[in-house]
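Chemist:
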Amino acid sequence: MYSTRLITIVCALASVSLVANAHAAEKSKHPPNIVLIVSDDQGFADLSCIGDNGCRTPRLDQLAAGGTRLTSFYVSWPACTPSRASLMTGRYPQRNGTYDMIRNEAPDYDYLYKPEEYAVTAERILGTDVQEVFLADVLKQSGYASAVFGKWDGGQLKRYLPLQRGFDQYYGFANTGVDYFTHERYGVPSMFRDNQPTEEDKGTYLTDLFEREAIRFIDENHDRPFFLYLPFNAPHSASNLDRSIRGFAQAPQEYLDHFPGGEGKKEKRRQAYLAAVERMDEAIGKVVDQLQQHQIADNTLIIFLSDNGGGGGSDNSPLRGGKAKMFEGGNRVPCIVHWPGKVPAGKVSDQFLTSLEVFPTVVAAVGGQLPADVIYDGFDMLPVLNGASSPREEMFWKRRGDVAARVGDWKWVNSAAGNGLFNLAEDISEKQDLSKEHPEMLAKLKERFAAWTAEMEAAEPRGPFRDF
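Final position of the sequence shown in the numbering used here is 1563; the numbers increase by one with none missing.
(1) Given that a residue counts as buried once 16 or more other Cβ atoms are within 10 Å of its Cβ, and exposed if not, what is Ile1104?
(2) What does a CB cutoff of less than 6 Å around Asn1335 pick up in its chain, not counting 5 residues either side in sequence?
(3) Any idea if Pro1455 is buried or exposed, counting beta-carbon neighbours within 10 angstroms, 16 or more meaning buried?
(4) State buried or exposed for Thr1395, treating a residue as buried only when at least 16 other CB atoms are found within 10 Å of its CB.
(5) For a test of the three-state rule: what should DSSP assign to Arg1186, helix, strand or coil?
(6) Cα-Cα, which of Phe1447, Gly1272 and Ala1174 is closest to Asp1203?
(7) How about Gly1138 and Asp1337: are their beta carbons less than 7 Å apart?
(8) Determine, using beta carbons only, whether Leu1261 and Lys1297 come nearer to each other than 7 Å.
(9) Considering only the beta carbon of each residue, do Met1551 and Arg1307 sit closer than 7 Å?
(10) Just tell me which of Glu1349, Tyr1206 and His1278 has its CA closest to the CA of Lys1246.
(11) If you follow the beta strand (DSSP E) that Val1508 is in, where does it begin and where does it stop?
(12) Starting from the C-beta of Lys1253, find all residues in its chain whose C-beta is less than 6 Å away, skip the five residues before and the five after it, and write them out in chain order.
(13) If you reduce the DSSP assignment to three classes, tell me which class His1165 lands in.
(14) Can you list, in chain order, the residues of its chain with a C-beta nearer than 7 Å to that of Ala1117? Leave out the 5 residues immediately preceding and following it.
(15) Tell me whether the beta-carbon of Val1498 lies closer than 7 Å to the beta-carbon of Leu1323.
(16) What's the gap between the Cα of Thr1293 and the Cα of Leu1451?
(17) In three-state terms, what does DSSP make of Arg1494?
(18) Please report how far the alpha carbon of Lys1124 lies from the alpha carbon of Gln1388, in whole angstroms.
(19) Can you check the segment 1204-1290 for any alpha helix (DSSP H) of at least 4 residues that lies completely inside it and give the ranges in chain order?
(20) For chain B, find out if any of its Cβ atoms is closer than 7 Å to the Cβ of Arg1561; answer yes or no.
(21) Looking only at its own chain, which residues have a Cβ that is under 6 Å from the Cβ of Val1438, when we skip the five neighbours before and after it?
(22) From Glu1423, Tyr1300, Tyr1187 and Phe1474, pick the residue whose C-alpha is nearest to that of Val1508; which is it?
(23) Note down the Cα distance separating Ala1371 from Pro1330, rounded to an integer number of angstroms.
(24) Please classify Arg1341: does DSSP put it in a helix, a strand, or coil?
(25) In whole angstroms, what separates the C-alpha of Pro1429 from that of Leu1182?
(26) Exposed or buried, which one is Asp1352 when buried takes at least 16 other CB atoms within 10 Å?
(27) Determine the burial state of Asp1472: buried for a count of at least 16 other Cβ atoms within 10 Å of its Cβ, exposed for fewer.
(28) Label Ile1470 either buried or exposed according to how many other C-beta atoms from any shown protein chain fall within 10 Å of its C-beta, with 16 as the threshold for buried.
(29) For the alpha helix (DSSP H) that Val1383 lies in, which residues bound it at each end?
(30) Counting only the same chain and skipping the five closest in sequence on each side, list residues whose C-beta sits under 7 Å from that of Gly1146.
(31) Quick check on the DSSP output: the beta strand (DSSP E) that includes Ile1398 runs from which residue to which?
(32) Buried or exposed: where does Phe1563 fall if 16 or more other Cβ atoms within 10 Å of its Cβ makes it buried?
(33) How close, in whole Å, do the beta carbons of Leu1516 and His1533 come, if the pair is a contact with beta carbons under 8 Å?
(34) Measuring alpha carbon to alpha carbon, tell me which residue in Ser1167, Leu1155 and Leu1158 is nearest Glu1488.
(35) How is the alpha helix (DSSP H) around Phe1454 delimited, first residue to last?
(36) Straight-line CA distance for Lys1412 to Arg1179?
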């Protein structure tokens, strides 16, 4: 009797295992899921797998260990709005039209807008040109469900919101930064659920909300291919009129308690920053856990990057400068690509790559086609991650009067924060200006920048800033 029962149990377990394996195999036949994670103002050195600077990112470290970490990865602009527009369009800011910040400046001087005033401000009415094709638009043609939970920063009017840019679901805020708990930007309520403003979760920490929504979306769509765009606002500083809060990231007290605060402003800022990063890292881990729970992690391409160089409280070492600057600390960012069996595990690559590569890489990964009538500024980087040399030889940046160019290993910067010609292969910290020693190289980079500028000016014009 005992043996018969044992055989029955073993057979039942084997049957369950076979069903589970068959289910997992069926899911693996789908095109890969895409999870694109963006942190906000995270420093180049602020991954604990890089070194011991106090940062705690065990779940991002696991993604790096199971994938490839990129150490010469750049974004297209040294601050939020244009960088994120490039990510969604695959085009330089100067080509897609969003080549400056979409934000109001009066709150910097402690001014609280009245509702009727705010309704006609630049922050409220501007957005990325509606002619631009977004990544979700292309993935929708391949049958993907898609959602964005977090910082949109692409315009607040209905025509600019995610549901009009190819996404099926949206929960987050549409401007550049908010208070993590009140969800207000300098006193103005800023959250949206799909196309409608909402204050439904006011008082709840934003990272908790974005984690909740991402997990729900995975639960609802795990049986079909999906695109999850998860752009955190952490560890960006809070946008609050209260100067005791403004300029600091925010985090629940239990996370603040994990790090020493100190008495000075610098120490307290670092504490808040580290706590926000740790909570974000934990949320990323919960998302990965949910992929594993549904047995779809191996069929999911995960890309993680920061939208620009580190801001207040960050560690950008060994790079010079940080957010909003043209030096490496403003444009070179941490990046991890994880796709089991398709991207090498445990690899660190110093190949020259950029966020402009993300759009064509994702489209290639799902077997889709880039729109034939759109000019893209990047390429599929999967061959590079698997050992090929990067075809990228140049990258250019322009932020008002500040400009920079990288050609090969050489970098030229001309900005209010400093100027110079640098050999990045020998001087990643941009300490030694070689302009006088290598005038021919300086002339070459200026020439290439002028050619790029001419190309951008000749491109089909896009709003919101260009005059046409």
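We put the beta carbon where it would ideally sit given N, CA and C, even for glycine.
The structure presented is a predicted model; accordingly, all values stated were derived computationally and were not measured.
Modeler: In terms of the structure at hand:
(1) For the purposes of this step, residue 1104 is taken as the residue at position 9 of the sequence shown. Residue confidence for Ile1104 is low, a pLDDT of 43 falling below 50, so the modelled location carries little weight; the figure read from the coordinates is stated next. Classification for Ile1104: exposed.
(2) Position 240 of the sequence shown holds residue 1335. Only Asp1274 and Arg1341 meet the Cβ criterion.
(3) In the sequence shown, residue 1455 corresponds to position 360, counting from 1. Classification of Pro1455: buried, given that the 10 Å Cβ count is 16 or more.
(4) As a working note, residue 1395 is residue 300 in the sequence shown. So Thr1395 ends up on the buried side.
(5) Locating residue 1186 in the sequence shown gives position 91, where the first residue counts as 1. Residue state, collapsed to three classes: coil.
(6) Here residue 1203 corresponds to residue number 108 of the sequence shown, with the count starting at 1. Looking at the Cα atoms, Gly1272 is the closest of the given residues.
(7) Here residue 1138 refers to the residue found at position 43 when the sequence shown is read from its first residue. Here residue 1337 refers to the residue found at position 242 when the sequence shown is read from its first residue. No; because the gap between Cβ atoms is not below 7 Å, this pair is not in contact.
(8) As a first step, residue 1261 must be located in the sequence shown, where it is residue number 166. As a first step, residue 1297 must be located in the sequence shown, where it is residue number 202. The residue you asked about is not Leu; residue 1261 is Gly in the sequence shown. Result no, Cβ atoms of Gly1261 and Lys1297 do not sit closer than 7 Å.
(9) The sequence position of residue 1551 within the sequence shown is 456, counting from 1. The sequence position of residue 1307 within the sequence shown is 212, counting from 1. Taking 7 Å as the Cβ cut-off, Met1551 and Arg1307 do not qualify as a contacting pair.
(10) For the purposes of this step, residue 1246 is taken as residue 151 along the sequence shown, with counting starting at 1. Minimum Cα distance to Lys1246 is reached at His1278.
(11) Within the sequence shown, residue 1508 is the residue found at index 413, counting from 1. Unbroken beta strand (DSSP E) run through Val1508: Trp1505 to Ser1510.
(12) Along the sequence shown, one-based indexing puts residue 1253 at 158. So the qualifying residues of the chain are Asn1290.
(13) The residue given as residue 1165 occupies position 70 in the sequence shown. It is Leu, not His, that sits at residue 1165 in the sequence shown. In this structure, Leu1165 counts as strand in the three-state DSSP scheme.
(14) For the purposes of this step, residue 1117 is identified with residue 22 of the sequence shown, where counting begins at 1. Low per-residue confidence applies at Ala1117: pLDDT is 48, beneath 50, and the placement is therefore not dependable enough to give any value.
(15) For the purposes of this step, residue 1498 is taken as the residue at position 403 of the sequence shown. For the purposes of this step, residue 1323 is taken as the residue at position 228 of the sequence shown. No; because the gap between Cβ atoms is not below 7 Å, this pair is not in contact.
(16) Locating residue 1293 in the sequence shown gives position 198, where the first residue counts as 1. Locating residue 1451 in the sequence shown gives position 356, where the first residue counts as 1. Using only the alpha carbons, I get a separation of about 33 Å.
(17) Here residue 1494 is taken as the residue at index 399 of the sequence shown, counted from 1. Note: Arg1494 maps to strand in three-state DSSP.
(18) For this step, residue 1124 is matched to residue 29 along the sequence shown. For this step, residue 1388 is matched to residue 293 along the sequence shown. Distance between the alpha carbons of Lys1124 and Gln1388 is about 18 Å.
(19) 1210-1213, 1217-1220 and 1230-1235
(20) This model lacks chain B altogether; it includes just one protein chain.
(21) As a first step, residue 1438 must be located in the sequence shown, where it is residue number 343. Around Val1438: Gly1162, Thr1163, Val1432 and Leu1480.
(22) As a working mapping, residue 1508 is identified with position 413 in the sequence shown. When only C-alpha atoms are compared, the closest one is Glu1423.
(23) Locating residue 1371 in the sequence shown gives position 276, counting from the first residue. Locating residue 1330 in the sequence shown gives position 235, counting from the first residue. Each residue's alpha carbon lies about 5 Å from the other.
(24) Taking the first residue of the sequence shown as position 1, residue 1341 is located at position 246. Arg1341 falls in the coil class under three-state DSSP.
(25) Taking the first residue of the sequence shown as 1, we reach residue 1429 at position 334. Taking the first residue of the sequence shown as 1, we reach residue 1182 at position 87. One C-alpha to the other measures close to 15 Å.
(26) Within the sequence shown, the letter at position 257 stands for residue 1352. The residue is exposed, with fewer than 16 neighbouring Cβ atoms inside 10 Å.
(27) Residue numbering aside, residue 1472 sits at position 377 when the sequence shown is read from its first letter. Buried, by the Cβ-count rule.
(28) Locating residue 1470 in the sequence shown gives position 375, counting from the first residue. Answer is exposed; the Cβ neighbour count stays below 16.
(29) The residue labelled residue 1383 in the question sits at position 288 within the sequence shown. Lys1360 to Gln1388 is the span of the alpha helix (DSSP H), which, as asked, contains Val1383.
(30) Numbered from 1 along the sequence shown, position 51 holds the residue referred to as residue 1146. Cβ within range, chain order: Ala1140.
(31) For the purposes of this step, residue 1398 is taken as residue 303 along the sequence shown, with counting starting at 1. Where Ile1398 is concerned, the enclosing beta strand (DSSP E) stretches over Thr1395 to Ser1401.
(32) Within the sequence shown, residue 1563 is the residue found at index 468, counting from 1. Under this definition Phe1563 is an exposed residue.
(33) Taking the first residue of the sequence shown as position 1, residue 1516 is located at position 421. Taking the first residue of the sequence shown as position 1, residue 1533 is located at position 438. Contact flag correct, Cβ pair sits at about 6 Å.
(34) By one-based count along the sequence shown, residue 1488 stands at place 393. Ranking the options by Cα distance to Glu1488, first place goes to Ser1167.
(35) Here residue 1454 corresponds to residue number 359 of the sequence shown, with the count starting at 1. Counting along the chain, the alpha helix (DSSP H) containing Phe1454 begins and ends at Val1453 to Ala1460.
(36) Position 317 of the sequence shown, counted from the start, is the residue given in the question as residue 1412. Position 84 of the sequence shown, counted from the start, is the residue given in the question as residue 1179. Position check: residue 1412 holds Ser in this sequence, whereas Lys was assumed. Between Ser1412 and Arg1179, the C-alpha separation is close to 23 Å.
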